[in-house]
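First comes the structure, then the notes that go with it.
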Amino acid sequence: MAKLNKISLIGFFKKAHRNIPPRIQKLYMPFVSKWSYRLQKSVNLIYPPVFIFEGLEKNSQSPLAFAYAGFDTRDTDYWAQAVLSADYRKHVLGRHFFWNLRAFLKKGSFNCAFIFQEHNRLTLRYLSSGPGFRVPFWISMEMDISLPFKELLGHQRLDMQRRIRKNGLSHVITRDVKCFDDFYYNMFLPYIQGRHEHMAFLGSYEELLKVFSKGGLVLIKKGDQVLAGGLYELDGSLARLRKFGVRDGKWEYVRYGVLGAAYYFFTAEMKERGYTKTNLGGTRPLLSDGITRYKMSLNTRLDRVEKYSCLWLTFLKDSTPLRSFLINNPFIFFDKRNDAYRAIFIEVHQDTPPEELEGIIRSPVCGGIKETHLFVFGGIDHFSNKVDCSNIPSLRVKSAEDMVRERP
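Using my numbering, the letters of the sequence shown map in sequence onto residues 12 to 419.
Have a look at this one:
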């Protein structure tokens with residue numbers, strides 16, 4: 012009966028809507044569409060689809076499985092490829108209520124080590140009541156270009172200049188739509204598809220054309236041939252470098268240094284125009300990610316993340332492959348105040364040299380990080396006997412076992 016009443020009520024509203032004059036519909040439909048979308052999104056996060064990925068952990072080559080609850084297929088693919096070797100398997104488990112997910116997975120046969128959950132304000136309050144990390148989908152890198160140019164782009168600047176000279180690279184700035192068409196179809200699509208395969212967020216022609224209308228292209232040339240390009244937009248006092256493309260996706264051109272040249276010439280052009288800050292676009296929160304490491308090396312700092320554009324990471328069961336993944340993949344996470352932190356996991360053995368541990372802790376990271384949280388497998392006391400942390404600023408040492416151990 013309740014289901015029948017629900018159907019009758021929906022039918023009543025649909026019929027009433029059809030009988031309202033179109034000019035009146037135009038007044039309330041934007042409001043209805045907006046709140047309908049928000050309601051559907053909230054329902055989706057409360058009752059999300061669940062996926063299991065299982066295979067061999069990349070570094071240890073030991074069996075590992077993890078779960079992902081949410082709708083962002085770009086993220087499911089990214090994390091599967093970041094955690095597991097290429098021949099991983101994906102299982103679709105249907106929808107489940109977010110608060111019951113951990114118990115549901117423990118009853119299953121997949122033996123999951125951890126779970127990523129997409130969240131909103133409501134679900135985050137519940138998830139963050141237990142141990143875990145709020146890991147962003149993306150982090151955004153900014154660069155202060157008010158300094159003299161010789162102080163910009165970190166230690167990469169000299170290599171960029173060397174490659175530009177060696178390969179005879181030059182650039183041009185354009186707002187010609189024909190150049191945009193060439194960039195989109197012959198550079199952007201081949202490059203992004205070749206680099207990221209099915210997990211790439213391509214961006215439609217219309218979406219990127221809108222970005223182009225607010226900025227332009229920096230095209231990298233060798234002689235008369237355009238080898239690559241960078242799509243940028245201008246937003247008030249901020250210049251954003253949004254997308255890259257390489258002609259026909261050729262890695263030969265990448266080895267010429269065309270991407271570094273795009274960063275170099277874009278920075279020089281924007282500085283000349285009077286901009287004091289550039290945004291170098293989004294990258295992933297894993298500090299082992301090649302693109303993330305490269306952008307960090309340009310002397311950048313983290314921009315603030317949108318509060319709910321994050322995943323909640325919960326550990327379900329300690330294991331050797333889980334430890335291997337964590338030790339080899341330090342990452343960025345955010346607290347309730349939206350401050351950024353770096354998480355590093357290390358394992359201390361009796362024969363581990365102290366200088367090796369110090370090197371890991373002092374590994375470079377971009378600005379904008381409030382603290383480094385060091386999670387130690389093997390005992391904090393054992394670690395403290397090897398490394399004097401009193402002269403290492405903004406470092407907190409914690410037990411990794413306490414973070415990843417199985418909970419009832």
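Even for Gly, the Cβ is constructed at its ideal location relative to N, Cα and C.
Just to confirm, are F386 and I357 a CB contact at a threshold of 9 Å?
Within the sequence shown, numbered from 1, the residue matching residue 386 stands at position 375. Within the sequence shown, numbered from 1, the residue matching residue 357 stands at position 346. Against a cut-off of 9 Å, the Cβ pair of I357 and F386 comes out as a contact.
Are V146 and C321 close, meaning C-beta to C-beta below 9 Å?
Counting from one through the sequence shown, the residue named residue 146 turns up at place 135. Counting from one through the sequence shown, the residue named residue 321 turns up at place 310. Going by C-beta atoms, V146 is nearer than 9 Å to C321.
Which residue or residues does DSSP assign as beta-bridge partners of R206?
By 1-based counting over the sequence shown, the position of residue 206 is 195. In the DSSP output, where bridge partners are listed per residue, R206 has none listed.
Do Y89 and G66 have their C-beta atoms closer together than 9 Å?
The count along the sequence shown starts at 1 and reaches residue 89 at position 78. The count along the sequence shown starts at 1 and reaches residue 66 at position 55. Annotated as distal: Y89 and G66, with beta-carbon spacing of 9 Å or more.
Could you check where the alpha helix (DSSP H) with Q92 kicks off and where it finishes?
Mapped onto the sequence shown, residue 92 falls at position 81. Q92 -> alpha helix (DSSP H) spans T84 to V94.
How is R312 classed by DSSP in three states: helix, strand or coil?
Residue mapping note: residue 312 aligns to position 301 of the sequence shown, counting from 1. In this structure, R312 counts as strand in the three-state DSSP scheme.
So, for L20: in the same chain, excluding its five sequence neighbours on each side, which residues have a beta-carbon less than 7 Å away from its beta-carbon?
Your numbering for residue 20 matches position 9 in the sequence shown. In this predicted model, L20 has a pLDDT of only 48, less than 50, meaning its place in the structure is not dependable; the value taken from the coordinates is given anyway. Excluding residues within five positions, none has a Cβ falling inside 7 Å.
Touch check for the region 165-179 and the region 263-274: three-plus C-beta pairs under 8 Å?
yes
Label K69 either buried or exposed according to how many other C-beta atoms from any shown protein chain fall within 10 Å of its C-beta, with 16 as the threshold for buried.
The sequence position of residue 69 within the sequence shown is 58, counting from 1. Buried: at least 16 other Cβ atoms inside 10 Å.
Going by DSSP, what residue range makes up the beta strand (DSSP E) through E153?
Here residue 153 refers to the residue found at position 142 of the sequence shown. Where E153 is concerned, the enclosing beta strand (DSSP E) stretches over I150 to D155.
Quick one, which of A97, E263, R113 and S215 has its alpha-carbon nearest V61's?
Counting from 1 along the sequence shown, the entry for residue 61 is found at position 50. Among A97, E263, R113 and S215, the Cα nearest to that of V61 is on R113.
Quick test of the definition: if touching needs 3 or more C-beta pairs under 8 Å, does the region 185-196 touch the region 289-296?
no
If you count every other CB in all the chains shown that lies within 10 Å of the CB of K254, and 16 or more means buried, which is it?
Residue numbering aside, residue 254 sits at position 243 when the sequence shown is read from its first letter. When all chains shown are included, K254 counts as buried.
Identify which residue in K282, F388, F127 and D86 has its Cα closest to the Cα of A78.
Translated into positions along the sequence shown, residue 78 becomes position 67. Closest option to A78, Cα to Cα, is F127.
Confirm, please, whether the CB-CB distance from N290 to C377 is below 9 Å.
Position 366 of the sequence shown, counted from the start, is the residue given in the question as residue 377. Position 279 of the sequence shown, counted from the start, is the residue given in the question as residue 290. No.
How many Å lie between S485 and A124 at the Cα?
Given that the chain is displayed from residue 12 to residue 419, the structure contains no residue 485 and the question cannot be resolved.
Is Y58 near F109, with beta carbons less than 9 Å apart?
On the sequence shown, residue 58 is found 47 positions in, with the first residue counted as 1. On the sequence shown, residue 109 is found 98 positions in, with the first residue counted as 1. For Y58 and F109, yes; Cβs fall inside 9 Å.
Taking the alpha-carbon positions, what's the E417 to F82 distance?
Here residue 417 is taken as the residue at index 406 of the sequence shown, counted from 1. Here residue 82 is taken as the residue at index 71 of the sequence shown, counted from 1. Cα-Cα distance, rounded: 26 Å.
Name the one or two DSSP bridge partners that K306 has.
In the sequence shown, the residue the question calls residue 306 occupies position 295. Answer is none; K306 lacks a bridge partner.
What does a CB cutoff of less than 8 Å around N122 pick up in its chain, not counting 5 residues either side in sequence?
The sequence position of residue 122 within the sequence shown is 111, counting from 1. For N122, where only same-chain residues beyond five positions count, the Cβ hits under 8 Å are A76 and K328.
Report the start-end ranges of each alpha helix (DSSP H) in the region 222-293 that is 4 residues or longer and not cut off at the edges.
262-267 and 269-283
Name the DSSP bridge partner or partners of L75?
Working through the sequence shown from its first residue, we reach residue 75 at position 64. BP columns for L75 point to G66.
When the distance is taken between beta carbons, is A250 closer than 9 Å to Y202?
One-based indexing of the sequence shown puts residue 202 at position 191. One-based indexing of the sequence shown puts residue 250 at position 239. No, they are not a contact pair.
Could you check which residue in F345, E369, E217 and D413 has the C-alpha nearest to that of W149?
Residue 149 sits at position 138 when you count from the first residue of the sequence shown. Nearest of F345, E369, E217 and D413 to W149, Cα basis: F345.
Restricting to runs no shorter than 3 residues, where is the beta strand (DSSP E) found entirely within the region 310-387?
Runs found: 321-326, 342-345 and 351-358.
Rounded to whole angstroms, what's the CA-CA distance from I403 to L104? Just pull it up for me.
Position 392 of the sequence shown, counted from the first residue, corresponds to residue 403. Position 93 of the sequence shown, counted from the first residue, corresponds to residue 104. Whole-angstrom Cα-Cα distance: 45 Å.
Which residues bound the alpha helix (DSSP H) around K161?
For the purposes of this step, residue 161 is taken as the residue at position 150 of the sequence shown. From DSSP, K161 is part of no alpha helix (DSSP H); its letter is neither H nor E.
Where do the ends of the alpha helix (DSSP H) carrying V103 lie?
Along the sequence shown, read from residue 1 onward, the residue named residue 103 stands at position 92. Careful: V103 lies outside any alpha helix (DSSP H), inside the beta strand (DSSP E) at R100 to R106.
Would you tell me roughly how many angstroms separate the C-alpha atoms of T134 and L56, rounded to the nearest one?
For the purposes of this step, residue 134 is taken as the residue at position 123 of the sequence shown. For the purposes of this step, residue 56 is taken as the residue at position 45 of the sequence shown. Looking at the backbone, the Cα of T134 and that of L56 are separated by about 8 Å.
How is the alpha helix (DSSP H) around R418 delimited, first residue to last?
Residue numbering aside, residue 418 sits at position 407 when the sequence shown is read from its first letter. Note, R418: premise wrong, no alpha helix (DSSP H); not H, not E.
Just to confirm before moving on: does the CB-CB distance between M154 and T278 stay below 9 Å?
If you number the sequence shown from 1, residue 154 lands on position 143. If you number the sequence shown from 1, residue 278 lands on position 267. Cβ atoms of M154 and T278: closer than 9 Å.
Taking the alpha-carbon positions, what's the I343 to N349 distance?
Locating residue 343 in the sequence shown gives position 332, counting from the first residue. Locating residue 349 in the sequence shown gives position 338, counting from the first residue. I343 and N349: Cα-Cα distance of roughly 12 Å.
So the beta strand (DSSP E) S410 belongs to, where does it begin and stop?
In the sequence shown, the residue the question calls residue 410 occupies position 399. S410 -> beta strand (DSSP E) spans L406 to S410.
Applying the 10 Å Cβ sphere with the 16-neighbour rule, what's the burial state of K118?
Here residue 118 is taken as the residue at index 107 of the sequence shown, counted from 1. Exposed: under 16 other Cβ atoms inside 10 Å.
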